[in-house]
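Chemist: The number in my numbering is simply the position in the sequence shown, starting from 1, with 95 added.
No residue lacks a Cβ here, since even glycine has one placed at the ideal position from N, Cα and C.
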Amino acid sequence: MPSLPRIILLSCFLTRAMAVDNHRNGILLPRQTSSASEDGLIDPVTQPYCEYSSCWHWGSPPPELCELVDGPCANDTDASDNMAEKHPDGRGPKCGMKQYRRECYCNLKAGLSCAWWCNWKLWWETEDWFAKVCPESPATKPVDFSGLPSCARHCLDDALFQYGCLTQTSNCFCSRGDIFDCHKKCGDEEEWQQIANWLQQVCPITPSEAKQALKSGRFSLETVTGPEEPTVTETKLPRLD
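(1) Of the choices 297, 154 and 218, whose alpha-carbon is the least far from that of residue 238?
(2) Between the C-alpha atoms of residue 256 and residue 291, what's the straight-line distance to the nearest angstrom?
(3) Residue range of the beta strand (DSSP E) that residue 163 falls in?
(4) Using beta carbons (cut-off 9 angstroms, strictly below), is residue 155 in contact with chain C?
(5) How many whole angstroms separate the CB atoms of residue 250 and residue 204, which I take to be in contact at a CB cut-off of 8 angstroms?
(6) Check each candidate in 163, 135, 215 and 228 and name the one with the smallest Cα separation from residue 142.
(7) Classify residue 147: buried if its beta carbon has 16 or more other beta carbons within 10 angstroms, exposed otherwise.
(8) Could you tell me if the beta carbon of residue 220 falls within a distance shorter than 8 angstroms of some heavy atom in the ligand FAD?
(9) Mind checking residue 144: buried by the 16 CB within 10 Å criterion, or exposed?
(10) If residue 252 sits next to residue 240, beta carbons under 8 angstroms apart, how far is it from one beta carbon to the other, in whole angstroms?
(11) Between the beta-carbon of residue 190 and the beta-carbon of residue 167, is there less than 9 angstroms?
(12) Could you tell me which residues DSSP pairs with residue 196 in its beta bridges?
(13) Are residue 150 and residue 235 close, meaning C-beta to C-beta below 9 angstroms?
(14) Looking at C-alpha atoms only, which residue of 137, 138 and 192 is the closest neighbour of residue 156?
(15) If we count the other Cβ atoms within 10 Å of its Cβ and call it buried at 16 or more, is residue 302 buried or exposed?
(16) Assign residue 303 to one of three DSSP states: helix, strand, or coil.
(17) Do residue 136 and residue 197 have their beta-carbon atoms positioned less than 9 angstroms apart in this structure?
(18) Using a threshold of 9 angstroms, state whether the C-beta atoms of residue 271 and residue 219 are closer than that.
(19) Hey, residue 233 and residue 265: beta-carbon distance below 9 angstroms or not?
(20) Taking only runs of the beta strand (DSSP E) that begin and end inside the segment 206 to 266, which ones reach a length of at least 3 residues, in chain order?
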């Protein structure tokens with residue numbers, strides 16, 4: 096029987112899943128607007144604001160996770176990128192200087208890794224944003240643990256959820272970069288190779304990085320991180336002891 100803490104987390108997940116389903120069905124909740132333009136561009140400026148995110152910046156283009164293209168506000172002084180000093184609250188309309196093509200951005204396995212330094216609340220809100228702008232993306236679905244050997248499968252499934260990755264997506268798992276010592280439950284080389292192969296399928300890492308993960312239990316993505324190391328109150332801590 097699931098533990099009470101996991102049941103509580105599952106309740107939170109189901110609430111969020113219902114909101115994601117609404118997004119997928121084109122139902123936008125109050126005060127929400129579509130974040131994708133009609134010409135197939137994704138504007139990272141429309142993400143929830145987080146001080147420690149490097150997914151977009153005031154006055155400069157976002158990281159080159161995909162090819163950067165000019166959006167509707169590329170040279171517009173009313174764009175939010177150009178409004179930091181002009182707007183009363185330091186923010187302008189939700190429109191950035193550069194945007195991503197949907198077909199590239201929505202197929203990234205860990206396109207939200209640049210927001211990993213944000214706290215859990217903002218991270219979950221960013222995941223919701225991604226599910227809204229990329230409803231058909233594989234990265235909105237839970238990762239498939241079936242490719243793991245049985246010795247590590249249930250361990251990693253449970254550990255990832257207990258840590259706080261309620262959606263268990265590749266965005267959350269790959270950004271965290273932790274296999275939670277589940278590989279230590281496996282004993283032979285074939286099982287370790289199966290884990291390494293699975294890691295390469297789920298996350299944007301190389302064979303050598305996957306191999307190193309089996310030695311250290313961790314891996315990191317070659318992506319832009321936050322503007323500075325977050326304070327203790329901002330870092331992600333496991334949701335449960």
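Modeler: For this structure:
(1) Residue 297 is the option with its Cα nearest to residue 238.
(2) Linking residue 256 to residue 291 through their CA atoms gives a straight-line distance of about 21 angstroms.
(3) Counted as a single uninterrupted DSSP element, the beta strand (DSSP E) harbouring residue 163 occupies residues 163 to 165.
(4) Going by chain labels, chain C is absent from the structure shown, which holds only one protein chain.
(5) Cβ atoms of residue 250 and residue 204 stay farther apart than 8 angstroms, at about 22 angstroms.
(6) Ranking the options by Cα distance to residue 142, first place goes to 228.
(7) Result: buried.
(8) Because no ligand of any kind appears in the structure shown, any question about the ligand FAD cannot be addressed here.
(9) The Cβ neighbour count for residue 144, taken over all protein chains shown within 10 Å, is under 16; the residue is labelled exposed.
(10) Right, their Cβ atoms sit about 5 angstroms apart.
(11) Yes. Within cutoff.
(12) Beta-bridge pairing links residue 196 to 136.
(13) Cβ atoms of residue 150 and residue 235: not closer than 9 angstroms.
(14) Considering only alpha carbons, the answer is 192.
(15) Residue 302 should be labelled exposed.
(16) Residue state, collapsed to three classes: helix.
(17) Yes, these two residues count as a Cβ contact at 9 angstroms.
(18) Cβ atoms of residue 271 and residue 219: not closer than 9 angstroms.
(19) With respect to residue 265, residue 233 sits close: the two C-beta atoms are nearer than 9 angstroms.
(20) Segments of the beta strand (DSSP E) lying fully in the segment 206 to 266: there are none.
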